[in-house]
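In the working numbering, the protein residues as written are 16 to 331.
The C-beta atom is built at its ideal place from N, Cα and C for all residues, glycine as well.
Now the structure itself:
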């Protein structure tokens, strides 16, 4: 027979004055300030509550500003969705202000950036054309990208610089919106990291696996060189890449440490619409387990990146 439980007598429970309790949130220190019309960027950021995401955002902004004042790298690693959101003008403002010192893209980001430079548009309707067998088969995209990286490999260049140079040399109509072209023009490292079979350019008859691999491997070693200088104040931002770029970053960091570069006392942050395992583990947590700091910023890129850029440029 099961035991029957009677309601517990709690009349003897002890309590204490609330004045003795430690609280994590207070009006005096943590609440937001009133929002008013005509506020400056500085005023708006200062008005945010000193809690959770807003606190993390302000700390990331401070870390980026401190890095550039110290002459340390600020690396921007991005997935393709960031490019599709039309954020190039925002990112360009950071590059032109010498805030971003290196850019890393996945293959999709590189393709979207090229197509924007070529025709001022990108991102086809995959669902509408997949079953017709035409998805990813735009001739110019595959032919010109594959030709550019082949020519670049012959010169010892990496993937990103090869495409950036091609965009500038051919004076593509919308090259002013291309991050790869801007970086190539300014001599800023722009690296592209691909997995064979993941990009539409791999579907084309002009694709050459050896060329793709060599171009991307050159870029991996370039990024590793950049990562080796992150210690003592640098910043690494992963934006919208859930798998590939976090894995690339972890391996680059491992090589840098293996070769004797002391990469510690730096800052990482992952910006995304939802937080995933690999960015959290391979960008925010594992690399910062020493004396570094990692932050997560959750939100839409088209909102959070302009906010980040405005805060950085204002404080600089």
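May I have the straight-line CA-CA distance separating residue i from residue j, to the nearest angstrom?
{"i": "residue 191", "j": "residue 213", "result": "27 Å"}
{"i": "residue 241", "j": "residue 289", "result": "27 Å"}
{"i": "residue 366", "j": "residue 29", "result": "Beyond the ends of the chain as shown, which are 16 and 331, falls residue 366; an answer cannot be given."}
{"i": "residue 10", "j": "residue 273", "result": "Residue 10 lies beyond the range of the chain shown here (16 to 331); nothing can be said about it."}
{"i": "residue 40", "j": "residue 207", "result": "43 Å"}
{"i": "residue 21", "j": "residue 31", "result": "27 Å"}
{"i": "residue 112", "j": "residue 146", "result": "45 Å"}
{"i": "residue 42", "j": "residue 52", "result": "23 Å"}
{"i": "residue 132", "j": "residue 143", "result": "24 Å"}
{"i": "residue 88", "j": "residue 62", "result": "29 Å"}
{"i": "residue 68", "j": "residue 168", "result": "43 Å"}
{"i": "residue 18", "j": "residue 26", "result": "23 Å"}
{"i": "residue 194", "j": "residue 148", "result": "30 Å"}
Which residue's Cα is closest to the Cα of residue i: the options?
{"i": "residue 178", "options": "136, 284, 223 and 128", "result": "128"}
{"i": "residue 301", "options": "283, 111 and 39", "result": "283"}
{"i": "residue 90", "options": "117, 83, 96 and 110", "result": "117"}
{"i": "residue 50", "options": "109, 157, 59 and 125", "result": "59"}
{"i": "residue 173", "options": "157, 203 and 148", "result": "203"}
{"i": "residue 96", "options": "62, 286, 229 and 266", "result": "286"}
{"i": "residue 94", "options": "330, 331 and 316", "result": "316"}
{"i": "residue 227", "options": "160, 56 and 52", "result": "160"}
{"i": "residue 182", "options": "171, 130 and 216", "result": "130"}
{"i": "residue 296", "options": "330, 270 and 260", "result": "260"}
{"i": "residue 303", "options": "291, 331 and 245", "result": "245"}
{"i": "residue 266", "options": "281, 298, 247 and 291", "result": "298"}
{"i": "residue 66", "options": "305, 44 and 110", "result": "44"}
{"i": "residue 120", "options": "258, 269, 34 and 35", "result": "258"}
{"i": "residue 293", "options": "305, 263, 69 and 269", "result": "263"}
{"i": "residue 108", "options": "205, 33 and 197", "result": "197"}
{"i": "residue 110", "options": "84, 201 and 140", "result": "201"}
{"i": "residue 100", "options": "83, 170, 124 and 73", "result": "124"}
{"i": "residue 269", "options": "243, 85 and 103", "result": "243"}
{"i": "residue 138", "options": "68, 70 and 215", "result": "215"}
{"i": "residue 158", "options": "170, 126, 210 and 175", "result": "126"}
{"i": "residue 230", "options": "56, 103 and 209", "result": "209"}
Tell me, which residues are paired with residue i by DSSP?
{"i": "residue 119", "result": "92 and 206"}
{"i": "residue 312", "result": "286"}
Determine the DSSP secondary structure at residue i, reduced to helix, strand or coil.
{"i": "residue 285", "result": "strand"}
{"i": "residue 252", "result": "strand"}
{"i": "residue 333", "result": "There is no way to answer for residue 333, as the model of the chain reaches only from 16 to 331."}
{"i": "residue 25", "result": "coil"}
{"i": "residue 259", "result": "helix"}
{"i": "residue 280", "result": "coil"}
{"i": "residue 416", "result": "Outside the shown range of the chain, which is 16 to 331, sits residue 416, and nothing can be said about it."}
{"i": "residue 171", "result": "coil"}
{"i": "residue 44", "result": "coil"}
{"i": "residue 198", "result": "helix"}
{"i": "residue 213", "result": "coil"}
{"i": "residue 303", "result": "helix"}
{"i": "residue 294", "result": "helix"}
Please decide whether residue i counts as near chain C, where near means a Cβ-Cβ distance under 8 Å.
{"i": "residue 144", "result": "You won't find chain C in this structure, because it holds only one protein chain."}
Inter-stretch contact (C-beta, 8 Å, three-pair minimum) for the region 233-246 and the region 150-159: no
Does the contact criterion of 3 or more C-beta pairs under 8 Å hold for the region 250-261 versus the region 217-231? Look at the beta carbons and you see the region 250-261 not touching the region 217-231: under three pairs across the two are nearer than 8 Å.
Would you be able to state if there are at least three C-beta pairs under 8 Å between the region 71-85 and the region 311-327? yes
Quick check: the region 261-279 against the region 309-317, are at least 3 beta-carbon pairs closer than 8 Å? Touching, no, given that fewer than three Cβ pairs across the two stretches are closer than 8 Å.
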